[in-house]
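Going down the list, the protein sequences come from chains H and E. Heads up, the first sequence is in full-length UniProt numbering, so the first residue is 1 and it goes up one at a time. Heads up, the second sequence is in full-length UniProt numbering, so the first residue is 1 and it goes up one at a time. Virtual Cβ for every residue (Gly too), placed ideally from N, Cα, C. First up is the structure itself, then whatever we jot down about it.
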Amino acid sequence: MFDLLIQGFAAVLSLQIFMLMVAGVAVGIVFGAVPGLTAVMAIALCLPMTYGLGPAAGISLLIALFVGATSGGLISAILLKIPGTPSSIATTFDGAPMMEKGEGAKALGVGIVFSFLGTIASIAALAFIAPSLAKVALSFGPHEYFAIAVFSLTLIATLSSGSMAKGIFAGVLGFAVSTVGIAPVDATTRFTFGQVELNAGFSILTVLVGMFAVAEIIKVAETSRSQAAGVAPVIVKIKGFGFSMAEFLGQIPNAIRSALIGISIGILPGIGAGTSNIIAYIAAKKRSKTPEQFGKGTIEGVVASETANNAGIGGAMIPLLTLGIPGDAVTAIMLGGLMIHGIQPGPMLFLTQAPLVYTIFAALIVSAFLMLVLEFWCLRIFIRLLAIPKHILLPVILVLCAVGAFGLASRVFDIWTILAFGILGFGFVKAGIPTAPFIIGFILGPMAETSFRRGLQLSRGDYTGFLTNPISGTFLGLAVVSILWQTYSEIRASQRKAAAGLLKLGDET
Amino acid sequence: MRLKDVIVGGAMTAAGILYLRMGNALPDRDGVDAATVPGVLAWMMIALGAIELAGALRRPALAGEARSSDAGGALTVGLTLALIAGFIAALRPLGFPIATALYLFLQFLVLTPRSGRPPVPLYAGLAVGSAAFIFATFRYGFDLLLPAGPLVAWLN
Numbered sequence: 001m002f003d004l005l006i007q008g009f010a011a012v013l014s015l016q017i018f019m020l021m022v023a024g025v026a027v028g029i030v031f032g033a034v035p036g037l038t039a040v041m042a043i044a045l046c047l048p049m050t051y052g053l054g055p056a057a058g059i060s061l062l063i064a065l066f067v068g069a070t071s072g073g074l075i076s077a078i079l080l081k082i083p084g085t086p087s088s089i090a091t092t093f094d095g096a097p098m099m100e101k102g103e104g105a106k107a108l109g110v111g112i113v114f115s116f117l118g119t120i121a122s123i124a125a126l127a128f129i130a131p132s133l134a135k136v137a138l139s140f141g142p143h144e145y146f147a148i149a150v151f152s153l154t155l156i157a158t159l160s161s162g163s164m165a166k167g168i169f170a171g172v173l174g175f176a177v178s179t180v181g182i183a184p185v186d187a188t189t190r191f192t193f194g195q196v197e198l199n200a201g202f203s204i205l206t207v208l209v210g211m212f213a214v215a216e217i218i219k220v221a222e223t224s225r226s227q228a229a230g231v232a233p234v235i236v237k238i239k240g241f242g243f244s245m246a247e248f249l250g251q252i253p254n255a256i257r258s259a260l261i262g263i264s265i266g267i268l269p270g271i272g273a274g275t276s277n278i279i280a281y282i283a284a285k286k287r288s289k290t291p292e293q294f295g296k297g298t299i300e301g302v303v304a305s306e307t308a309n310n311a312g313i314g315g316a317m318i319p320l321l322t323l324g325i326p327g328d329a330v331t332a333i334m335l336g337g338l339m340i341h342g343i344q345p346g347p348m349l350f351l352t353q354a355p356l357v358y359t360i361f362a363a364l365i366v367s368a369f370l371m372l373v374l375e376f377w378c379l380r381i382f383i384r385l386l387a388i389p390k391h392i393l394l395p396v397i398l399v400l401c402a403v404g405a406f407g408l409a410s411r412v413f414d415i416w417t418i419l420a421f422g423i424l425g426f427g428f429v430k431a432g433i434p435t436a437p438f439i440i441g442f443i444l445g446p447m448a449e450t451s452f453r454r455g456l457q458l459s460r461g462d463y464t465g466f467l468t469n470p471i472s473g474t475f476l477g478l479a480v481v482s483i484l485w486q487t488y489s490e491i492r493a494s495q496r497k498a499a500a501g502l503l504k505l506g507d508e509t
Numbered sequence: 001m002r003l004k005d006v007i008v009g010g011a012m013t014a015a016g017i018l019y020l021r022m023g024n025a026l027p028d029r030d031g032v033d034a035a036t037v038p039g040v041l042a043w044m045m046i047a048l049g050a051i052e053l054a055g056a057l058r059r060p061a062l063a064g065e066a067r068s069s070d071a072g073g074a075l076t077v078g079l080t081l082a083l084i085a086g087f088i089a090a091l092r093p094l095g096f097p098i099a100t101a102l103y104l105f106l107q108f109l110v111l112t113p114r115s116g117r118p119p120v121p122l123y124a125g126l127a128v129g130s131a132a133f134i135f136a137t138f139r140y141g142f143d144l145l146l147p148a149g150p151l152v153a154w155l156n
């Protein structure tokens, strides 16, 4: 095995492939950082460039783009409060408040280092436990997927700061928006109003860009005229990655838990880093000694999100390489890239093309290091971006969002969609409705509905099939416990608030 | 009664009712069909809206609630939305470079803080330069065929 790995490194570290990978990681970071441009788009647009390259060089370039783009999302999530990719949604929850507190460099440093560690952890999982993990994931059927989706949906309430009703409503509305298009199983067309463009439903990219980027631009528009001109943010000098060794060591348990979540979710087809970062964030909040600090700017939130999303890289590669099953859009394009270069992923790949498999492992490791070095080197440049006034920067970002939306299917319709979701996102801000549950509902909704209906078909209309299946039953039980626990916590919190209010009134009289 | 929360609760309930009506219009089939999940979601939205509405009606009004609106901010938001909509509408007829340059220039002007004088030549240069750079990068660097509009003959 180690001989093969050394061979892989020898191939990847040849000058041509190494330079390609440097360029790939750099382009990937830019695609990840710019809202509207994603890893999927970076790989799709660069795929034709790999046709003339050999298999090792072509695949290494695609992997470099994947790693760079997954990590790059943290930059805009922290600096602009706009997640560059769905995998960085939870990074905005604490990264942006840290930025507002003047700790932007620290948030970026934490994000970069734990992105790197998440990637390395997932590569280790890919190299050592890939085949057995893939077998477990493959045994999951609609019952299990439905139960996992329901359990994840019940966690929405944890993200509902302020009013639980508003948070759950946002999740339900996200689920409702995901029902637009052709229904699963019976292919009935729903809520399309005769628009052919809506048959496939809304793309996650247009929803995300609208709800975060366009809504942020409208929000800035509301106050920009009344702000003082030429006020540049204070740029603090950064030492190293901007955080201490004690802070780093204190985050190790959080990082391990988040990496495990990222790898586990990454393995499951259909749920990618877009979900794992939010689930890891919720888990970190629940396990934290200071959960009240979440959402106000704590490094725990950034660590959880960034470790989990990058851990999804190796996780998503496990079913891709061992079974030939792409887990999400990025790995689907990667599968295409592998096949173009004459590689047929599947159980036989490790036997028939072992040197190439280890070249892929080596490319992943080298890309992770390149990502760390390039982002560390560019950390100071990212911070300098803040010197550009928002009234100049945000319109340019909106144009890039429009390019990203157009690039999905070369349709102006998708750009109209981001505007519509931008208005909805702005409405959420004004109404005090949290956006994150909406995104979770939108992502998990189709999985829940499709698995529910397929599961019912499998058990011939018998609902108890969801309870008698051990994995499904366990997750549904956990979902019930989660709902009961959150309701109890909410009632206790409101009682405490009421008691505090009474005490205050007593003091005044 | 807290007016803003009442409006939000009312909007939540209305969204649920609208979604329920749309769901009811879907074709009926035996057992679980395409309308089942939307129906459940709609009732959940209505229930959550009612809970929010009931809570808002019980909560005492905030002092100065009515005075919190900012007409200047609303105007800028309206202009920004109009500019974005205009930009999208102009993409096909004018092409990406021209539509983008116009949008950026006007958007810079609209968002410039009142306290400063807008540097018009700088804004014009930035708008044209950014539009050209983005167009060239994606069209020639990544083969993404952004609409070129009247420039198509010249570009080909």
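- Between H/Ala-90 and H/Ala-311, the CB-CB gap reaches or exceeds 7 Å.
- Taken atom to atom, the span from the alpha-carbon of E/Leu-79 to that of E/Val-110 is near 7 Å.
- In the structure shown, H/Thr-189 falls within a strand segment according to DSSP collapsed to helix, strand and coil.
- Pairing E/Pro-147 with E/Gly-73 gives a Cβ-Cβ distance that is not under 7 Å.
- Between E/Val-40 and chain H, the shortest Cβ-Cβ separation is not below 7 Å.
- Each of E/Pro-150, E/Ala-127 and E/Met-22 was checked against the Cα of H/His-391, and the nearest Cα belongs to E/Ala-127.
- Between the alpha carbons of H/Gly-461 and E/Val-32 lies a gap of roughly 9 Å.
- Looking at the DSSP output, H/Ile-182 sits in a beta bridge with H/Thr-189.
- Taking each of H/Glu-375, H/Ile-423 and H/Lys-296 in turn and checking the Cα distance to H/Gly-111, the smallest one comes out for H/Glu-375.
- If only uninterrupted beta strand (DSSP E) runs of at least 3 residues are considered, none is enclosed by the segment 112-155 of chain H.
- Interface flag for E/Gly-73 against chain H is set, since a Cβ pair is found closer than 7 Å.
- Taking 7 Å as the cut-off, the beta carbon of H/Asn-199 is found no closer than this to the beta carbon of H/Thr-188.
- Among the residues of the segment 213-227 of chain H, those with a Cβ less than 8 Å away from any Cβ of chain E are Val-214, Ile-217, Ile-218, Val-220, Ala-221, Glu-222, Thr-223, Ser-224, Arg-225, Ser-226 and Gln-227, in the order of the chain.
- By the CB criterion at 7 Å, H/Gly-72 and H/Gly-32 fall inside the cutoff.
- Bounds of the alpha helix (DSSP H) holding H/Pro-355 are 354-384.
- In the DSSP assignment, H/Pro-319 falls within the unbroken alpha helix (DSSP H) covering 299-323.
- Identification of residues in the segment 446-473 of chain H having a C-beta nearer than 7 Å to some C-beta of chain E yields Glu-449, Arg-453, Leu-456 and Gly-461, given in sequence order.
- Note on geometry: alpha-carbon atoms of H/Leu-385 and H/Gly-262 lie some 30 Å from one another.
- At a cut-off of 7 Å between beta carbons, H/Gly-407 contacts chain E.
- Secondary structure note for H/Ser-14: it is in no alpha helix (DSSP H), with a DSSP letter that is neither H nor E.
- With the criterion set as a beta carbon lying under 7 Å from some beta carbon of chain E, the members of the segment 176-194 of chain H are Ala-176, Thr-179, Ala-183, Asp-186, Thr-188, Arg-190 and Phe-191, in sequence order.
- Residue H/Thr-92 holds the alpha-carbon nearest to the alpha-carbon of H/Phe-294 among H/Thr-92, H/Ser-88 and H/Ala-10.
- For H/Leu-372, the closest of H/Pro-437, H/Gly-301 and H/Phe-116 by C-alpha to C-alpha distance is H/Phe-116.
- Restricting attention to alpha helix (DSSP H) runs no shorter than 4 residues, the segment 237-275 of chain H encloses them at 245-250 and 252-267, ordered along the chain.
- Put simply, the segment 333-348 of chain H does not touch the segment 284-304 of chain H. Fewer than three CB pairs are less than 8 Å apart.
- For H/Ser-76, the uninterrupted alpha helix (DSSP H) segment begins and ends at 55-79.
- Here H/Asn-199 carries a coil assignment [DSSP, helix/strand/coil].
- In the three-state reduction of the DSSP assignment, H/Pro-345 falls in the coil class, being assigned neither a helical nor a strand state.
- The alpha helix (DSSP H) runs lying completely inside the UniProt domain "DUF1468" (8-147) of chain E and spanning 4 residues or more are 36-58, 71-94, 96-111 and 120-136, given in chain order.
- Chain-order list of chain H residues neighbouring E/Gly-49: Ala-165 and Phe-169, by C-beta distance under 9 Å.
- Within the same chain, Leu-83 come within 6 Å of E/Gln-107 by CB-CB distance, once the 5 residues on both sides are set aside.
- One thing to note: E/Gly-49 has its Cβ no nearer than 7 Å to the Cβ of E/Gly-23.
- Each of H/Met-99, H/Ala-363 and H/Leu-65 was checked against the Cα of H/Ala-56, and the nearest Cα belongs to H/Ala-363.
- H/Pro-395 reaches chain E at Tyr-103, Leu-104, Gln-107, Phe-108 and Leu-111, counting residues in chain order whose Cβ is nearer than 8 Å.
- The alpha-carbon of H/Trp-485 is positioned some 32 Å away from that of H/Leu-74.
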